[in-house]
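Here my numbering is used: the first residue of the sequence shown is -11, the next is one more, and so on.
Ideal Cβ positions, reconstructed from N, Cα and C, are used throughout, including at glycine.
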Amino acid sequence: MLRVLIIGGASWDTIIQMDEFPKGLPQTLFAKESYSTAGSTGIGKALALKKLGFDVVFHAVIGEDHEGLKIIELMEREGIRFLVDYSPNGTEKHTNLMNSKGERISIYTNTLPNQMNLNFKRLEEEVNQADIIVLNIISYTKALIPLLKYSKKEIWVDIHDYDGINPYHKDFIDIADVLFASSENLTQPMDFMTDQMESGKKLVILTSGKKGSSLLGVHTGFLREGIVENTVMVDTNGAGDNFFAGFLYAYSKEYPLQKCLRMGSIVAASSVESRDIVFSELSDSWLENRFIELF
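Listed below in C-alpha coordinates is the structure:
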(Lines of atoms letter the chains of each structure in order from A and count residues from 1; the text may use other names and numbers.)
(Lines give C-alpha, C1' and ligand atoms only; values in the text may rest on other atoms or scores of the structure.)
Protein backbone atom coordinates (compact mmCIF):
# COMPACT_ATOMS: atom_id res chain seq x y z
CA MET A 1 0.00 0.00 0.00
CA LEU A 2 1.54 3.28 -1.10
CA ARG A 3 1.65 6.10 1.41
CA VAL A 4 0.51 9.44 0.01
CA LEU A 5 1.11 12.66 1.91
CA ILE A 6 -1.35 15.38 0.90
CA ILE A 7 -0.40 18.89 1.94
CA GLY A 8 -2.99 21.65 2.11
CA GLY A 9 -6.58 22.26 1.13
CA ALA A 10 -9.38 22.05 3.72
CA SER A 11 -12.40 24.32 3.93
CA TRP A 12 -16.04 24.41 4.93
CA ASP A 13 -18.19 25.15 1.90
CA THR A 14 -21.71 26.39 1.30
CA ILE A 15 -23.01 25.13 -2.04
CA ILE A 16 -25.82 27.11 -3.70
CA GLN A 17 -27.42 25.51 -6.76
CA MET A 18 -29.04 27.91 -9.27
CA ASP A 19 -30.38 27.68 -12.81
CA GLU A 20 -28.28 30.65 -13.90
CA PHE A 21 -25.65 32.85 -12.32
CA PRO A 22 -26.90 36.24 -11.10
CA LYS A 23 -26.65 39.13 -13.53
CA GLY A 24 -24.77 42.26 -12.52
CA LEU A 25 -27.63 44.21 -10.94
CA PRO A 26 -29.43 44.33 -7.57
CA GLN A 27 -32.06 41.59 -7.35
CA THR A 28 -33.67 38.89 -5.23
CA LEU A 29 -32.88 35.31 -6.26
CA PHE A 30 -34.16 31.90 -5.21
CA ALA A 31 -31.77 28.97 -5.02
CA LYS A 32 -32.78 25.53 -6.24
CA GLU A 33 -30.93 24.01 -3.30
CA SER A 34 -28.23 24.86 -0.78
CA TYR A 35 -26.18 22.86 1.68
CA SER A 36 -22.91 22.97 3.61
CA THR A 37 -20.12 20.41 3.49
CA ALA A 38 -16.41 19.87 3.91
CA GLY A 39 -14.58 20.87 0.76
CA SER A 40 -11.43 22.07 -0.95
CA THR A 41 -8.85 20.23 -2.99
CA GLY A 42 -7.01 18.46 -0.18
CA ILE A 43 -10.13 16.97 1.36
CA GLY A 44 -11.38 15.78 -2.03
CA LYS A 45 -8.12 14.08 -2.90
CA ALA A 46 -7.68 12.60 0.59
CA LEU A 47 -11.15 11.04 0.70
CA ALA A 48 -10.94 9.59 -2.81
CA LEU A 49 -7.43 8.19 -2.43
CA LYS A 50 -8.32 6.61 0.91
CA LYS A 51 -11.32 4.85 -0.64
CA LEU A 52 -9.05 3.61 -3.43
CA GLY A 53 -6.78 1.84 -0.95
CA PHE A 54 -3.93 4.27 -0.32
CA ASP A 55 -2.39 4.93 3.07
CA VAL A 56 -3.30 8.62 3.24
CA VAL A 57 -1.76 11.23 5.51
CA PHE A 58 -3.34 14.67 5.16
CA HIS A 59 -1.98 17.94 6.51
CA ALA A 60 -4.12 21.06 6.57
CA VAL A 61 -4.58 24.32 8.42
CA ILE A 62 -8.01 24.76 10.00
CA GLY A 63 -9.53 26.84 12.77
CA GLU A 64 -10.28 25.93 16.36
CA ASP A 65 -13.96 26.34 15.59
CA HIS A 66 -17.12 24.39 14.80
CA GLU A 67 -16.24 23.94 11.14
CA GLY A 68 -12.72 22.76 11.96
CA LEU A 69 -14.12 20.21 14.40
CA LYS A 70 -16.48 18.84 11.75
CA ILE A 71 -13.55 18.38 9.36
CA ILE A 72 -11.58 16.54 12.07
CA GLU A 73 -14.58 14.28 12.72
CA LEU A 74 -14.88 13.53 8.99
CA MET A 75 -11.23 12.53 8.74
CA GLU A 76 -11.61 10.28 11.79
CA ARG A 77 -14.69 8.57 10.32
CA GLU A 78 -12.85 7.92 7.06
CA GLY A 79 -9.74 6.57 8.78
CA ILE A 80 -7.44 9.29 7.43
CA ARG A 81 -4.52 10.37 9.59
CA PHE A 82 -5.04 14.10 9.80
CA LEU A 83 -2.21 16.43 10.79
CA VAL A 84 -3.47 19.84 11.87
CA ASP A 85 -1.98 23.25 12.37
CA TYR A 86 -4.39 25.94 13.54
CA SER A 87 -5.14 29.27 11.92
CA PRO A 88 -5.87 32.35 14.03
CA ASN A 89 -8.34 33.33 11.30
CA GLY A 90 -10.46 30.21 11.76
CA THR A 91 -11.31 27.58 9.16
CA GLU A 92 -11.29 28.66 5.52
CA LYS A 93 -14.81 29.05 4.13
CA HIS A 94 -16.11 29.15 0.57
CA THR A 95 -19.51 29.92 -0.91
CA ASN A 96 -19.85 28.17 -4.28
CA LEU A 97 -22.54 29.29 -6.70
CA MET A 98 -23.31 26.45 -9.14
CA ASN A 99 -25.36 26.85 -12.31
CA SER A 100 -27.25 24.21 -14.27
CA LYS A 101 -24.22 23.67 -16.56
CA GLY A 102 -22.05 22.65 -13.62
CA GLU A 103 -20.07 25.89 -13.77
CA ARG A 104 -18.94 27.48 -10.53
CA ILE A 105 -18.35 30.88 -9.02
CA SER A 106 -16.38 30.42 -5.81
CA ILE A 107 -16.43 33.19 -3.20
CA TYR A 108 -13.84 32.93 -0.43
CA THR A 109 -15.60 34.25 2.67
CA ASN A 110 -12.84 33.40 5.14
CA THR A 111 -9.20 32.79 4.26
CA LEU A 112 -5.99 31.59 5.88
CA PRO A 113 -2.99 33.81 6.59
CA ASN A 114 -0.34 33.69 3.86
CA GLN A 115 2.23 32.63 6.45
CA MET A 116 1.70 30.15 9.26
CA ASN A 117 3.61 28.78 12.22
CA LEU A 118 3.82 25.17 11.07
CA ASN A 119 5.17 22.13 12.85
CA PHE A 120 8.03 21.66 10.37
CA LYS A 121 9.65 18.80 12.29
CA ARG A 122 6.48 16.71 12.12
CA LEU A 123 6.03 17.49 8.43
CA GLU A 124 9.64 16.60 7.64
CA GLU A 125 9.13 13.20 9.28
CA GLU A 126 6.00 12.60 7.19
CA VAL A 127 7.71 13.68 3.98
CA ASN A 128 10.51 11.19 4.62
CA GLN A 129 8.01 8.34 5.13
CA ALA A 130 5.81 9.11 2.11
CA ASP A 131 6.00 7.41 -1.27
CA ILE A 132 4.29 10.27 -3.11
CA ILE A 133 3.72 13.89 -2.10
CA VAL A 134 0.61 15.72 -3.29
CA LEU A 135 1.27 19.44 -2.91
CA ASN A 136 -1.77 21.67 -3.18
CA ILE A 137 -1.51 25.31 -4.21
CA ILE A 138 -2.42 26.80 -0.83
CA SER A 139 -0.35 29.84 0.12
CA TYR A 140 1.12 28.41 3.33
CA THR A 141 2.45 25.32 1.55
CA LYS A 142 5.01 27.40 -0.36
CA ALA A 143 7.10 27.45 2.81
CA LEU A 144 7.51 23.68 2.47
CA ILE A 145 8.91 23.70 -1.07
CA PRO A 146 12.60 23.82 0.02
CA LEU A 147 11.98 20.78 2.24
CA LEU A 148 10.29 18.93 -0.62
CA LYS A 149 13.12 19.71 -3.03
CA TYR A 150 15.63 18.31 -0.56
CA SER A 151 13.56 15.14 -0.02
CA LYS A 152 13.83 14.01 -3.68
CA LYS A 153 10.35 12.46 -3.35
CA GLU A 154 7.98 12.38 -6.32
CA ILE A 155 5.78 15.47 -6.21
CA TRP A 156 2.32 15.61 -7.80
CA VAL A 157 0.79 19.08 -8.18
CA ASP A 158 -2.63 20.21 -9.40
CA ILE A 159 -2.67 23.87 -10.49
CA HIS A 160 -6.40 23.85 -11.30
CA ASP A 161 -7.54 26.80 -13.47
CA TYR A 162 -4.08 28.27 -14.10
CA ASP A 163 -4.09 30.88 -16.85
CA GLY A 164 -0.54 30.33 -18.08
CA ILE A 165 0.88 33.58 -16.67
CA ASN A 166 -0.09 34.01 -13.01
CA PRO A 167 3.23 34.23 -11.10
CA TYR A 168 1.65 32.74 -7.96
CA HIS A 169 1.80 29.26 -9.49
CA LYS A 170 5.44 29.31 -10.60
CA ASP A 171 6.99 27.72 -7.49
CA PHE A 172 4.36 24.97 -7.52
CA ILE A 173 4.88 24.27 -11.21
CA ASP A 174 8.66 24.18 -10.81
CA ILE A 175 8.59 21.61 -7.98
CA ALA A 176 6.16 19.23 -9.76
CA ASP A 177 7.24 15.93 -11.27
CA VAL A 178 3.67 15.21 -12.41
CA LEU A 179 1.52 18.23 -13.20
CA PHE A 180 -2.27 18.46 -13.47
CA ALA A 181 -4.18 21.50 -14.71
CA SER A 182 -7.51 22.51 -16.15
CA SER A 183 -7.35 23.70 -19.74
CA GLU A 184 -10.19 26.16 -19.15
CA ASN A 185 -8.02 29.29 -18.89
CA LEU A 186 -5.08 28.18 -21.03
CA THR A 187 -5.07 29.93 -24.41
CA GLN A 188 -2.58 27.42 -25.89
CA PRO A 189 -2.98 24.15 -23.95
CA MET A 190 -0.72 22.09 -26.20
CA ASP A 191 2.06 24.67 -26.04
CA PHE A 192 1.75 24.67 -22.26
CA MET A 193 2.03 20.89 -22.09
CA THR A 194 5.03 20.88 -24.42
CA ASP A 195 6.81 23.61 -22.47
CA GLN A 196 6.32 21.73 -19.22
CA MET A 197 7.63 18.47 -20.65
CA GLU A 198 10.67 20.30 -21.99
CA SER A 199 11.28 21.66 -18.48
CA GLY A 200 11.60 18.11 -17.15
CA LYS A 201 8.14 16.95 -16.10
CA LYS A 202 7.39 13.21 -16.19
CA LEU A 203 3.77 13.78 -17.17
CA VAL A 204 1.44 16.69 -17.84
CA ILE A 205 -2.29 16.02 -17.61
CA LEU A 206 -5.05 18.45 -18.58
CA THR A 207 -8.73 18.15 -17.74
CA SER A 208 -11.20 19.90 -20.02
CA GLY A 209 -14.63 19.42 -18.44
CA LYS A 210 -17.10 17.84 -20.85
CA LYS A 211 -14.36 17.63 -23.50
CA GLY A 212 -12.52 15.01 -21.45
CA SER A 213 -8.83 14.91 -20.62
CA SER A 214 -5.45 14.76 -22.30
CA LEU A 215 -1.89 13.84 -21.43
CA LEU A 216 1.63 14.38 -22.67
CA GLY A 217 4.27 11.87 -21.60
CA VAL A 218 7.91 11.19 -22.34
CA HIS A 219 7.31 7.76 -23.88
CA THR A 220 3.66 7.91 -24.94
CA GLY A 221 3.44 11.29 -26.59
CA PHE A 222 -0.01 12.90 -26.67
CA LEU A 223 -3.09 10.99 -25.49
CA ARG A 224 -6.71 12.06 -25.28
CA GLU A 225 -9.72 10.56 -23.49
CA GLY A 226 -13.41 11.46 -23.38
CA ILE A 227 -15.75 11.65 -20.43
CA VAL A 228 -18.00 8.83 -19.24
CA GLU A 229 -21.11 9.13 -21.38
CA ASN A 230 -24.61 9.48 -19.88
CA THR A 231 -23.30 10.85 -16.59
CA VAL A 232 -26.15 12.46 -14.64
CA MET A 233 -24.80 15.73 -13.28
CA VAL A 234 -25.76 16.55 -9.69
CA ASP A 235 -22.77 18.50 -8.33
CA THR A 236 -19.46 19.06 -10.12
CA ASN A 237 -17.57 20.20 -7.02
CA GLY A 238 -14.56 17.93 -6.54
CA ALA A 239 -14.64 16.38 -10.01
CA GLY A 240 -11.05 17.37 -10.74
CA ASP A 241 -9.79 16.00 -7.43
CA ASN A 242 -11.57 12.71 -8.09
CA PHE A 243 -10.06 12.54 -11.58
CA PHE A 244 -6.64 13.08 -10.00
CA ALA A 245 -7.26 10.24 -7.53
CA GLY A 246 -8.47 7.80 -10.17
CA PHE A 247 -5.49 8.58 -12.38
CA LEU A 248 -3.03 8.17 -9.50
CA TYR A 249 -4.63 4.83 -8.56
CA ALA A 250 -4.18 3.47 -12.09
CA TYR A 251 -0.68 4.93 -12.35
CA SER A 252 0.31 3.23 -9.10
CA LYS A 253 -0.79 -0.09 -10.64
CA GLU A 254 1.49 0.62 -13.64
CA TYR A 255 -1.49 0.50 -15.99
CA PRO A 256 -1.07 2.04 -19.47
CA LEU A 257 -1.50 5.79 -19.42
CA GLN A 258 -4.64 5.63 -21.58
CA LYS A 259 -6.19 3.45 -18.90
CA CYS A 260 -5.05 5.95 -16.27
CA LEU A 261 -7.01 8.68 -18.06
CA ARG A 262 -10.04 6.40 -18.31
CA MET A 263 -9.97 5.50 -14.63
CA GLY A 264 -9.62 9.17 -13.77
CA SER A 265 -12.71 9.87 -15.86
CA ILE A 266 -14.66 7.09 -14.15
CA VAL A 267 -13.92 8.37 -10.65
CA ALA A 268 -14.69 11.95 -11.70
CA ALA A 269 -18.04 10.88 -13.15
CA SER A 270 -18.94 9.02 -9.96
CA SER A 271 -18.45 12.19 -7.92
CA VAL A 272 -20.45 14.37 -10.31
CA GLU A 273 -23.50 12.13 -9.87
CA SER A 274 -23.65 12.80 -6.13
CA ARG A 275 -23.84 15.75 -3.77
CA ASP A 276 -20.97 14.16 -1.85
CA ILE A 277 -17.48 15.38 -2.69
CA VAL A 278 -16.55 11.70 -3.21
CA PHE A 279 -18.91 8.87 -4.25
CA SER A 280 -19.82 6.94 -1.10
CA GLU A 281 -19.40 3.51 -2.75
CA LEU A 282 -16.02 4.27 -4.32
CA SER A 283 -13.37 1.58 -3.78
CA ASP A 284 -10.58 -0.04 -5.74
CA SER A 285 -12.76 -3.06 -6.55
CA TRP A 286 -15.66 -0.82 -7.62
CA LEU A 287 -13.34 1.08 -9.96
CA GLU A 288 -11.88 -2.08 -11.48
CA ASN A 289 -15.35 -3.52 -12.10
CA ARG A 290 -16.67 -0.25 -13.49
CA PHE A 291 -13.75 -0.10 -15.91
CA ILE A 292 -14.60 -3.58 -17.20
CA GLU A 293 -18.24 -2.52 -17.67
CA LEU A 294 -17.31 0.55 -19.70
CA PHE A 295 -14.25 -0.61 -21.65
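*For W144, write down the residues that DSSP places opposite it in a beta bridge.*
The residue you call residue 144 lines up with position 156 of the sequence shown. Its beta-bridge partners are V122 and V166.
*Can you find a heavy atom of the ligand ADP that lies under 7 Å from the Cβ of V122?*
By its list of ligands, the structure shown contains no ligand whatsoever, and the ligand ADP lies outside what it can speak to.
*Can you give the Cα-Cα distance for L13 and T83, rounded to whole angstroms?*
Position 25 of the sequence shown, counted from the first residue, corresponds to residue 13. Position 95 of the sequence shown, counted from the first residue, corresponds to residue 83. Cα to Cα, the separation comes out at about 19 Å.
*Report yes or no: do three or more beta-carbon pairs, one from the region 271 to 279 and one from the region 246 to 256, lie closer than 8 Å?*
yes
*Rounded C-beta distance between V(-8) and D146? I'm assuming under 8 Å.*
Reading the sequence shown from its first residue, position 4 is the one you call residue -8. Reading the sequence shown from its first residue, position 158 is the one you call residue 146. So it is not a contact: roughly 13 Å between Cβ atoms.
*Y23 and G51: beta carbons closer than 8 Å?*
Counting from 1 along the sequence shown, the entry for residue 23 is found at position 35. Counting from 1 along the sequence shown, the entry for residue 51 is found at position 63. No, the pair does not count as a contact, with Cβ atoms beyond the cut-off.
*In angstroms with no decimal places, state the Cα-to-Cα distance between K247 and F18.*
As a first step, residue 247 must be located in the sequence shown, where it is residue number 259. As a first step, residue 18 must be located in the sequence shown, where it is residue number 30. Looking at the two C-alpha atoms, the distance is approximately 42 Å.
*Assuming L35 and V266 form a contact by the criterion Cβ under 8 Å, report the distance between their Cβ atoms to the nearest whole angstrom.*
Reading the sequence shown from its first residue, position 47 is the one you call residue 35. Reading the sequence shown from its first residue, position 278 is the one you call residue 266. About 4 Å; that satisfies the 8 Å criterion.
*Have a look at the DSSP bridge pairing and note the partners of V44.*
In the sequence shown, residue 44 corresponds to position 56, counting from 1. Note: V44 sits in a beta bridge opposite V(-8).
*Measure the CB-CB distance between L191 and G205 and report whether it falls below 8 Å.*
Locating residue 191 in the sequence shown gives position 203, counting from the first residue. Locating residue 205 in the sequence shown gives position 217, counting from the first residue. Taking 8 Å as the Cβ cut-off, L191 and G205 qualify as a contacting pair.
*Excluding the five sequence neighbours on either side, which residues of its own chain have a C-beta within less than 6 Å of the C-beta of W0, listed in chain order?*
Residue numbering aside, residue 0 sits at position 12 when the sequence shown is read from its first letter. Contacts found: E55, T79 and K81.
_Where K22 sits in the DSSP three-state scheme_ = Taking the sequence shown and counting its residues from 1, the one referred to as residue 22 is at position 34. It is worth fixing the name first, because residue 22 is Ser in this sequence and not Lys. Residue state, collapsed to three classes: strand.
*Sort out for me which residues DSSP pairs I95 with in a bridge.*
Here residue 95 is taken as the residue at index 107 of the sequence shown, counted from 1. Beta-bridge pairing links I95 to T83.
*Q5 - DSSP class collapsed to helix/strand/coil*: The count along the sequence shown starts at 1 and reaches residue 5 at position 17. It is a strand residue.
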